[in-house]
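Data first, discussion second: the structure below is written as structure tokens.
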Amino acid sequence: MSLRLRLALWYGGLTGLIILMIGVLAYAAYHRTQYDNLDRALEGAVEHVAGAHSSLAVAGEVAAMLATPILPNVGVRVYGERGQVVAASPNAGPAPAIDPRDVLDHPSGPPYDLITGLVPPFATVEAGGGAFGLTSDADGRRWRLYVLPVDGSKQFLLAAASLEGIDASVELFRRLVPLLAVVGAGITLIAGGLLAGYALRPVATLTETASTIARSRELGRRVPIGSRRDELGQLAATFNEMLASLEQAYRAQQRFVADASHELRAPLTAIQANLELLERQPNMPAGEQREAVGEASREARRLARLVADLLALARADAGLALKRRPVDLDAVVLEAFRAARQLAHGQTLALEPFEPARVAGDEDLLKQLVLILLDNALKYTPPAGCVTLGLRRRGARAELLVGDTGVGIPAEDLPHVFERFYRADPARSRDPGGTGLGLSIARWIAAHHGGQIDLQSQPGQGTLVTVRLPLHP
Ligand code: ADP
């Protein structure tokens, strides 16, 4: 069952129930008051006649008194000892003939139904010395009676009133309340369905877009938001944001795969070409042979480095848990400094400043980070240049500084150098051996140690890379 239908059914059902409850309550309270008031009126009329004349023996006096009806809807009769009518008010005519002694012998209960009886009375009606009765006339109309014995039960006073009006109202209520409940429920059901449909339309659009994307893989699609600023508008906006970020990740992934294949193909082609050359010309001069083998082996090393870098990034993407041990960063820096001396080709290398600093993390990865930065500094600095490596403590952080006086990075390339496979143009021409992955790996290592990398560069003057890592407490 759809959410829309469920909501509409709930609205309709609840409205019907509420109308029914209010209707039944109003029905019961209203009729309880009507019946009770009538009983009180009957009692009042009888007591009025009985109180005005302590002895009703004088028939003429009684007849004169009853000549004017006490209440227009209440007829009063005076009965004699044997149940014969002695006197009657003019409006007592239509009341059914009855022996008052029967009423006294078999008084009847309240004239209303069980539901009406559940409502507490607004004022209690006591039968006093008399008794209430119920009877029906020849037409089936109900009459309410009240009989009071007077004069030591020698005479009886009877008040009678027709219940026709109240009974008709009861009947009307009985039909009207369920009808109102059904109509009310129907109207709310339809209105609720329309409203729920309107409110849920963005959800339907969202579902439609999501399923279209799932089928077609068109991550460029977006959900139309319109001017909605409510919760569903926010949901659609968030969904679009998620799509944008998915699209970006998907494109990056596609670019990465394309770049990786391209980068892997270059050294492979070179190796293949050199091996084929050696195969085709087994008797080539020794010098040329050495050159071909040398190039193949250089390209194989480059391939190995590329694969190692790709593996490191794949590990980073997989979010592998990092070893977390206290690491003396100064020892790591010294070790990397010694290794860098082997890589230098004429540049001056200096260790300045140098302060002990301990961080928490993976020693091998931290060493890889320092080596990447030193390797870059040496790669992009001419032989006459200078490369400095430094380590210092700044507050709760250790700062690793790698500076050089090399070619620098053009301003337009600076925002991109941490992207995978990105290489600034002048650097590329100078060093075909670079993979364009070093800084991506360096940034991942720094980030996974809770730190960050900052890069400042002036083209033609040099570059300073600062890595800030939290100190081990
Ligand atoms: P690569 O393997 O090409 O060095 P990286 O990711 O380490 O890849 O660096 C990306 C690019 O940033 C390099 O190609 C280079 O253009 C530039 N770069 C990085 N470090 C330096 C530096 N110290 N001096 C000048 N350019 C640099």
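Using the numbering used here, you'd call the opening residue of the sequence shown number 346 and step up by one each time. Don't be surprised by glycine CBs; every beta carbon is placed ideally from N, CA and C.
Next on the checklist: Taking 8 Å as the cut-off, is the beta-carbon of I790 closer than that to any non-hydrogen atom of ligand 1?
Outcome noted: no
Next on the checklist: Tell me which residues share the same chain as R773 and place their Cβ nearer than 6 Å to its Cβ, disregarding the 5 neighbours each side in the sequence.
Outcome noted: Residue confidence for R773 is low, a pLDDT of 43 falling below 50, so the modelled location carries little weight; the figure read from the coordinates is stated next. No residues qualify anywhere along the chain.
Checklist entry - Helix, strand or coil: which one does DSSP assign to L784? => result helix
Next on the checklist: I need the straight-line Cα distance from Y424 to D512, nearest angstrom please.
Outcome noted: 28 Å
Checklist entry - Any chance the CB of A787 is under 8 Å from a heavy atom of ligand 1? => result yes
Checklist entry - Around the C-beta of I367, are 16 or more other C-beta atoms found within 10 angstroms, so that it is buried, or is it exposed? => result exposed
Item to check | Residues that Q803 bridges to, as DSSP identifies them | outcome: G807
Next on the checklist: What does the Cβ neighbour count give for K712, buried or exposed, with the cut at 16 atoms within 10 Å?
Outcome noted: buried
Item to check | Chain-ordered residues, beta carbon under 5 Å from a heavy atom of ligand 1 | outcome: N721, A722, Y725, G751, I754, V762, R768, A769, A772, G779, T780, G781, G783, L784, T808
Checklist entry - How is the alpha helix (DSSP H) around P523 delimited, first residue to last? => result 509-561
Next on the checklist: Whether or not the stretch 784-791 and the stretch 647-664 are in contact is what I'm after, with contact meaning three or more pairs of Cβ atoms, one per stretch, closer than 8 Å; do they touch?
Outcome noted: yes
Item to check | Unbroken alpha helix (DSSP H) run spanning P728, endpoints | outcome: P728 -> no alpha helix (DSSP H), and no H or E assigned at all.
Checklist entry - Hey, does L714 have any beta-carbon neighbour from chain D nearer than 9 Å? => result Although the question refers to chain D, the structure presented lacks it and comprises just one protein chain.
Next on the checklist: Please return the same chain residues whose Cβ sits closer than 6 Å to the Cβ of R567, not counting the five positions on each side in sequence.
Outcome noted: N585
Item to check | Short Cβ contact (9 Å threshold) for T693 with G753 | outcome: no
Item to check | Cβ contact check for the stretch 347-362 and the stretch 520-534: 3 or more pairs under 8 Å | outcome: yes
Checklist entry - By how many angstroms is the C-alpha of Q797 removed from the C-alpha of R738? => result 15 Å
Next on the checklist: Between I616 and E644, how many whole angstroms is the CB-CB distance? I'm expecting something under 8 Å.
Outcome noted: 5 Å
Checklist entry - G639 to P612, Cα distance in whole Å? => result 13 Å
Item to check | Spatially closest choice to A437 from V431, G420, L350, by CA coordinates | outcome: G420
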